[in-house]
Amino acid sequence: MDRVLVRLIAATSFLALSLLPSQSEPKHGIAMQGEPALPPDYQHFDYVNPDAPKGGSVTYCVVGSFDNLNPFILKSLRTTARGMIDTVYGNLVFEPLMQRSYDEPFSLYGLLADSADMDPERKSIEFHLNPNAKWSDGQPVTPEDVLFTYDVFTDKGRPPYSDRMSMIAKLEKTGDHSVKFTFNDKANREFPLIVALTPIVPKHAFDKDTFDKTTLKPLIGSGPYTVDKVLPGQRIVFKRNPDYWGKDTPSKRGFDNFDQITIEYFLNANAKTEAFKKGICALDDETDPVKRERDIDFPAFRRGDVKEEYFNTGIPPVVTGFLFNTRLPKFANPVVRRALGMLYDFEWANKNLFGGKFNRTMSYWQNSELSALGHPADDREKALLAPYPGRVPPDVMDGTWHPPVTDGSGQDRKVLKAAFELLRSAGFRVQDGKMLDPQGNPFSFEILTSSQDEERLASIYQRTLEKIGIGVGIRTLDGDQIQSRKQRYDFEVLIGTSGFSNSLSPGSEQLGRWGSVAAKTEGSFNLAGVADPAIDAAIDAMLNARTKENYVAAVRVLDRLLISGNYIVPMQYNTQQWLAYWSYLEHPQKTPIFGYQLPTWWRKPN
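Residue numbering for the sequence shown follows UniProt numbering, beginning at 1 and increasing consecutively.
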């Protein structure tokens, strides 16, 4: 009888255990949609050369200035030294818990954390820190560093870092090398990945009380480089750390191949181009096809010492254009913005300035399945838009919308008349050759530019607008002045030639660009001041979509709303990335979907 009882108890215990909720296993990678493409035993990303030679130096050149090395604070937000954390040159000093693969829409692999245990419902995620991870001063990376990072970012950091604790219910150390985030109802399904991408700072190397002060003192990070020399506003030199802890980590193999990286600052684009010709700058990324054809014809190029190359990408083109500050009453009416949007003569500009080599930008996710162009709204989209009737015009809803096409003469009367009629419907009129607003005041505005190229594009727009009596002033400021104006939203119209880059996996960054909360937050990237509950709802649906079909529908709704809102007068794009570089540089054979990746390049051995 005792044996029977023991067996019954054992069987009952096994059954009870088997009915407990299954625990997810720590994984080497996580993805926004589905599973990461690379297996747990992957050795390196497919778009690197794992055997790239190490050594030598490279100098990158940028337009602007800097007066701060701390990229996480509001002060000098837009004049922080490039390279500390950088999507172009790499995160040279500070690193996140996980590393993004730029050959997938949105997948992350182990870095400071070698694995992650994410709840299937994405209500929590536990990171297991790599026990070999160290700061540049040799101290280990610990859970306490992660906790400190979120504490100091919340109290002293800038958006979006300062906002992240608002979506975290609990942050706790769960072991000597592990830390767990539990999320509250404000968090969305993308947020665990945003946490994984947040750079971590060392607790022992920062004073919380002074964290928000600008500094030019070299900072301690976990990244592959340390700050070697600083010439304020002009130059910063990074030196590769020979003791970098992550050099053999699969997600970092083939990266960080230069012994020294210098970032040189120039006052304007012309000075930067001339420095490239002299060999000071390693590469030139001019976007104007006519200008680059003219500038590339110099002796070093003819000798073969400089190469030019086109790189194909699989992501939507960058959206550039004239951006309205809708916080101002003059730009509050979307009908007015729509009329103004009709008056950029792309056909004339493309023919006379760009040799016919550009295409017109019409969508924020152009050339992808996420775009509203060519895709009639389906039932999912209509359901999302139902609470906001009239927000999207019929031609945008059915995917047939496109900007007016002019005859390329620079004075197409039919387009001018259509724009004028739209303004008249909004209460505008012309008197003595001047456009008057509904209150009878002359309608005019100022465009801020920061380069001769921007000034030239603004002049094209100015010329067309003045044909129907709209006064336009153009003011060219240096980079620091422009950045200060942006931070305070002290402008009427900006010409955004740097533009909005979009991926195949748009996410929380859209809150910062278009969300209502960001519109009221100093230093945010919602420069247009967009505050629309329909857009907020579309972003929320996108961030919480559980299926790809629902995700695509939400992004298309966002695209339709942005097109309909006419917050930007979109200009033009080229389907390829162009780069000129000195022939001592080499790059991997494969280009990932996000385009060329400078952190994977190397210098040819002598």
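Even for Gly, the Cβ is constructed at its ideal location relative to N, Cα and C.
Since the structure is predicted, the reported quantities are computational estimates derived from the model, not experimental observations.
Contacting residues, own chain, Cβ-Cβ under 6 angstroms from residue i (five flanking each side not counted)
i              : result
arginine 253   : His44 and Pro50
isoleucine 85  : Pro71, Asn91, Phe94 and Pro199
aspartate 398  : Pro376
lysine 170     : Thr182
proline 599    : Gly90 and Phe255
serine 524     : Pro159, Gly512 and Ala518
serine 508     : Glu190 and Ile194
isoleucine 568 : Gly321 and Leu323
tyrosine 551   : Ala545
Local conformation of residue i per DSSP, three classes
i                 : result
aspartate 114     : strand
phenylalanine 106 : coil
leucine 343       : coil
valine 63         : strand
valine 405        : coil
proline 21        : Summary for proline 21: the model assigns pLDDT 38, below 50, so the residue's position carries little reliability; its value from the coordinates is reported in the next sentence. Correct three-state label for proline 21: coil.
valine 58         : strand
aspartate 145     : helix
phenylalanine 491 : coil
isoleucine 140    : Just to set this straight, residue 140 is proline in the shown sequence, not isoleucine. Strand.
threonine 287     : coil
lysine 156        : helix
threonine 591     : coil
tyrosine 89       : coil
valine 557        : helix
residue 609       : No answer is possible for residue 609: it lies beyond the span of the chain, which begins at 1 and ends at 606.
valine 227        : strand
arginine 294      : helix
threonine 476     : strand
asparagine 352    : helix
residue 607       : A question about residue 607 goes unanswered here, because the residues of the chain that appear run from 1 up to 606.
lysine 252        : helix
lysine 520        : coil
lysine 134        : strand
alanine 372       : coil
Residue i - containing alpha helix (DSSP H), residue span
i                 : result
methionine 542    : 533-543
leucine 171       : Run containing leucine 171: none in the alpha helix (DSSP H); it sits in the beta strand (DSSP E), 168-175.
leucine 422       : 413-425
aspartate 379     : 379-385
glutamine 481     : 479-488
glutamine 510     : 509-514
phenylalanine 127 : No alpha helix (DSSP H) contains phenylalanine 127, which is instead part of the beta strand (DSSP E) from 124-129.
Residue i - partner residues in DSSP beta bridges
i              : result
lysine 434     : Gln431
tryptophan 602 : Glu586
glycine 496    : Gly321
serine 444     : Gly471
aspartate 151  : In the DSSP output, where bridge partners are listed per residue, aspartate 151 has none listed.
leucine 579    : Glu309
aspartate 243  : Answer is none; aspartate 243 lacks a bridge partner.
glutamine 260  : Ser57 and Lys239
tyrosine 265   : Val62
threonine 449  : Thr476
threonine 80   : Asn68
tyrosine 573   : Asn359
Boundaries (first-last residue) of the beta strand (DSSP E) holding residue i
i              : result
asparagine 566 : Asparagine 566 -> no beta strand (DSSP E), and no H or E assigned at all.
methionine 98  : 98-101
isoleucine 460 : Run containing isoleucine 460: none in the beta strand (DSSP E); it sits in the alpha helix (DSSP H), 452-466.
arginine 240   : 235-240
alanine 31     : 29-31
valine 396     : Valine 396 -> not in any beta strand (DSSP E); alpha helix (DSSP H) instead, spanning 394-397.
Same chain, Cβ closer than 7 angstroms to residue i, five either side skipped, listed in chain order
i             : result
aspartate 284 : Thr273, Phe276 and Ala580
histidine 204 : Gln139
proline 21    : With a pLDDT of 38 at proline 21, under the threshold of 50, the modelled position of this residue cannot be trusted; read the value that follows with caution. None.
threonine 142 : none
lysine 590    : Asp46 and Tyr47
residue 639   : Lying before the first or after the last residue shown, residue 639 is absent from the chain, which here runs from 1 to 606.
glutamate 381 : Ala553, Arg556 and Val557
Cutoff 8 angstroms; reference residue i; Cβ partners in own chain excluding five residues on either side
i              : result
asparagine 574 : Thr287, Pro289, Pro317, Lys357, Phe358 and Asn359
valine 58      : Phe258, Gln260, Ile261, Thr262, Ala282, Leu585, Trp601 and Arg603
serine 409     : Trp348
serine 505     : Met32, Gln33, Pro105 and Phe106
For a minimum of 4 consecutive residues, which ranges assigned as the alpha helix (DSSP H) are wholly contained in the region 298-345?
299-303 and 334-341
Residue ranges of each alpha helix (DSSP H) run of no fewer than 4 residues wholly in the region 169-222, ordered along the chain?
191-197
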